[in-house]
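Chemist: To start, I am sharing the structure in question, which I have written as structure tokens.
Numbering (UniProt numbering), first residue to last: 1 to 386.
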């Protein structure tokens, strides 16, 4: 691990890789937009930053940088507490919501609980909007790194009543959400309906989730059974956001460094070919910038096992690999542009047939691991081929 300093040593980045002179020059420019404690006008400066001008990997490094007090960038933004958009933007750049700072070992959640707004208004939900933002993005509520206190215990002991209520409600709903995710992965429609109907709060809870939303949980193993199509229809009836995004750093060792929308995630991973039309029908943006990034990744890696694996699947005859799925997506969007409806193109019976043999398997993330995490994390390497 090597440490690199920027902004006259007001910020630093820890990297496992040796960074080149060119990368350091780019990072120096990037970090000029990023905050450190007591930096004047940093919110306006940060929101003016244009990440698309720089390497996505370097932007990710910057989003996970520290300031001279050891605060993470999310920690600085959460303690500021006045702009949820800043917190969300950092997460969209790949900032880790579960990374503690280097000095006090406070998580972003700890700093969000006791922020510049909530410190004098501990009963206000509006004052802890940044707490809600972190929770919606899957921040872990069980870490006890600061004084061996979880964020909930910290909020309760310091009388941050609004924050404590948010976290308690989130933990309670997360238990039901864990059961919901298992039903989505297994394609158990009966259990899925029971879980949704059996919790009065779960329906509202899943509509507000960002990051690893139920859409991604459903898509993650769409190759393992043919019921994901029905799952997406049911989720749409419960008003789940089909334009949520999930940050992925790498896929099968290939750098991604992008917040993917559901279509881009499915294209990257491969799976049930019927779902492209379903996602578009339910509101997923077929022109989201992440789709172009995934397309570029696939095209720059010809004959790569990550995208060209042989499909051997008795469990779902609609399963196709990533490259074939991309071709189907481009075919569908071309037809839509020519005036042919999405409904007709997604229900063509011969278009989505795939070879049937033995089931493929994901050897890097088990159901148990996903269930234990409740919310997926984007640094995993998912492999669907032998």
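In this text, a Cβ means the ideal position worked out from N, Cα and C, and glycines have one as well. Note that the coordinates shown come from a computational prediction; the quantities given were computed from them, not determined experimentally.
Tell me, please, which residues DSSP counts as bridged to residue 258.
Modeler: Translated into positions along the chain shown, residue 258 becomes position 258. Paired residue(s): 248.
Chemist: Checking 7 Å against the spacing of the C-beta atoms, do residue 122 and residue 159 come in under that value?
Modeler: Numbered from its first residue, the chain shown carries residue 122 at position 122. Numbered from its first residue, the chain shown carries residue 159 at position 159. For residue 122 and residue 159, yes; Cβs fall inside 7 Å.
Chemist: Going by DSSP, what residue range makes up the beta strand (DSSP E) through residue 3?
Modeler: What you label residue 3 is simply residue 3 of the chain shown in a count that begins at 1. Start and end: 2–6.
Chemist: Apply the 10 Å Cβ neighbour rule to residue 319 and answer buried if 16 or more other Cβ atoms are within range, or exposed otherwise.
Modeler: Counting from 1 along the chain shown, the entry for residue 319 is found at position 319. Burial call: buried.
Chemist: I'd like to check one pair, residue 63 with residue 93: are the Cβ atoms closer than 7 Å?
Modeler: As a working note, residue 93 is residue 93 in the chain shown. As a working note, residue 63 is residue 63 in the chain shown. In contact: residue 93 and residue 63 (Cβ atoms closer than 7 Å).
Chemist: Assuming the contact rule is C-beta atoms closer than 8 Å, residue 242 and residue 282 should be a hit. Round their C-beta distance to whole Å, please.
Modeler: Within the chain shown, numbered from 1, the residue matching residue 242 stands at position 242. Within the chain shown, numbered from 1, the residue matching residue 282 stands at position 282. Contact holds; Cβ gap of about 5 Å.
Chemist: Provide the residue span of the alpha helix (DSSP H) that contains residue 92, from first to last.
Modeler: Here residue 92 corresponds to residue number 92 of the chain shown, with the count starting at 1. Its alpha helix (DSSP H) spans residues 84–92.
Chemist: From the DSSP output, which residues share a beta bridge with residue 297?
Modeler: For the purposes of this step, residue 297 is taken as the residue at position 297 of the chain shown. Looking at the DSSP assignment, residue 297 forms no beta bridge with any residue, so it has no partner.
Chemist: So residue 201 and residue 143 are supposed to be a Cβ contact under 8 Å. How far apart are they, rounded?
Modeler: Reading the chain shown from its first residue, position 201 is the one you call residue 201. Reading the chain shown from its first residue, position 143 is the one you call residue 143. That pair is no contact at about 24 Å.
Chemist: Residue 412 to residue 115, Cα distance in whole Å?
Modeler: There is no way to answer for residue 412, as the model of the chain reaches only from 1 to 386.
Chemist: Near residue 82, which residues of its chain fall below 7 Å by C-beta distance, leaving aside the five closest residues on each side in sequence?
Modeler: Counted from its first residue, the chain shown places residue 82 at position 82. 116, 117.
Chemist: I want to see whether chain D comes within less than 7 Å of residue 142, judged by CB atoms only; does it?
Modeler: Chain labels in this structure do not include chain D; a single protein chain is all it has.
Chemist: So, is residue 266 buried or exposed, given that buried needs 16 or more other C-beta atoms within 10 angstroms?
Modeler: Against the chain shown, residue 266 aligns to sequence position 266. By the neighbour-count definition (other C-beta atoms within 10 Å, threshold 16), residue 266 is a buried residue.
Chemist: What would DSSP say about residue 211, mapped onto helix, strand or coil?
Modeler: On the chain shown, position 211 is the one that residue 211 refers to. Correct three-state label for residue 211: coil.
Chemist: Pick helix, strand or coil for residue 231, following the three-state DSSP scheme.
Modeler: To locate residue 231, count along the chain shown from 1; it is residue 231. Of the three classes helix, strand and coil, the one that applies to residue 231 here is helix, per DSSP.
Chemist: Where does residue 239 sit, in a helix, a strand or coil, going by DSSP?
Modeler: Here residue 239 refers to the residue found at position 239 when the chain shown is read from its first residue. Residue 239 falls in the coil class under three-state DSSP.
Chemist: Which same chain residues end up closer than 8 Å to residue 152 when comparing Cβ atoms and leaving out the 5 residues on each side of it in sequence?
Modeler: Along the chain shown, one-based indexing puts residue 152 at 152. Cβ within range, chain order: 141, 164, 167, 168, 171.
Chemist: Am I right that residue 270 and residue 316 are in contact with their C-beta atoms under 8 Å? What's the rounded C-beta distance?
Modeler: As a first step, residue 270 is located in the chain shown; it is residue number 270 there, counting from the start. As a first step, residue 316 is located in the chain shown; it is residue number 316 there, counting from the start. In fact, because the Cβ distance is near 11 Å, the residues do not count as touching under 8 Å.
Chemist: Hey, quick one: how far does the alpha helix (DSSP H) through residue 197 stretch, first residue to last?
Modeler: Locating residue 197 in the chain shown gives position 197, counting from the first residue. Residues 189–198.
Chemist: By DSSP, does residue 12 sit in helix, in strand, or in coil?
Modeler: One-based indexing of the chain shown puts residue 12 at position 12. In this structure, residue 12 counts as strand in the three-state DSSP scheme.
Chemist: Nearest by alpha-carbon distance to residue 261: which of 221, 302, 211, 228 is it?
Modeler: Here residue 261 corresponds to residue number 261 of the chain shown, with the count starting at 1. Residue 211 is the option with its Cα nearest to residue 261.
Chemist: Tell me whether residue 18 is buried or exposed, calling it buried when 16 or more other Cβ atoms sit within 10 Å of its Cβ.
Modeler: Counted from its first residue, the chain shown places residue 18 at position 18. Looking at its Cβ environment, which holds fewer than 16 other Cβ atoms inside 10 Å, residue 18 is exposed.
Chemist: Whose CA, out of 240, 325, 89, lies closest to the CA of residue 130?
Modeler: Numbered from its first residue, the chain shown carries residue 130 at position 130. The shortest Cα separation from residue 130 among 240, 325, 89 belongs to 89.
Chemist: Applying the criterion that 16 or more other CB atoms from any shown protein chain within 10 Å of the CB defines a buried residue, is residue 199 buried or exposed?
Modeler: The residue given as residue 199 occupies position 199 in the chain shown. Flag for residue 199 reads buried.
Chemist: Among 25, 91, 330, 6, which one has its Cα closest to the Cα of residue 60?
Modeler: Position 60 of the chain shown, counting from 1, holds the residue named residue 60. Among 25, 91, 330, 6, the Cα nearest to that of residue 60 belongs to 91.
Chemist: Are there 16 or more other CB atoms within 10 angstroms of the CB of residue 147, so buried, or fewer, so exposed?
Modeler: Numbered from its first residue, the chain shown carries residue 147 at position 147. Exposed is the call here.
Chemist: Alpha carbons only, please: which of 227, 223, 300, 228 is nearest the one belonging to residue 255?
Modeler: In the chain shown, counting from the first residue as 1, residue 255 sits at position 255. Looking from the CA of residue 255, the closest CA among 227, 223, 300, 228 belongs to 300.
Chemist: Just to confirm my understanding: we take residue 7, look at its own chain, exclude 5 residues before and 5 after, and list those with CB closer than 7 Å. What are they?
Modeler: For this step, residue 7 is matched to residue 7 along the chain shown. So the qualifying residues of the chain are 31, 32, 36.
Chemist: Pick out the complete alpha helix (DSSP H) segments inside the stretch 9–76, 4 residues or longer, and give them in chain order.
Modeler: 21–31, 42–47, 56–63
Chemist: Could you give the DSSP three-state label for residue 274: helix, strand or coil?
Modeler: Residue numbering aside, residue 274 sits at position 274 when the chain shown is read from its first letter. If DSSP states are grouped into helix, strand and coil, residue 274 belongs with coil.
Chemist: Just the Cα atoms here: how many angstroms apart are residue 57 and residue 258?
Modeler: Position 57 of the chain shown, counted from the first residue, corresponds to residue 57. Position 258 of the chain shown, counted from the first residue, corresponds to residue 258. Looking at the two C-alpha atoms, the distance is approximately 9 Å.
Chemist: Would a C-beta distance cut-off of 7 Å place residue 217 and residue 231 closer than the cut-off?
Modeler: Taking the first residue of the chain shown as 1, we reach residue 217 at position 217. Taking the first residue of the chain shown as 1, we reach residue 231 at position 231. Taking 7 Å as the Cβ cut-off, residue 217 and residue 231 do not qualify as a contacting pair.
Chemist: Hey, quick one: how far does the alpha helix (DSSP H) through residue 125 stretch, first residue to last?
Modeler: Taking the chain shown and counting its residues from 1, one reaches residue 125 at position 125. From DSSP, residue 125 is part of no alpha helix (DSSP H); its letter is neither H nor E.
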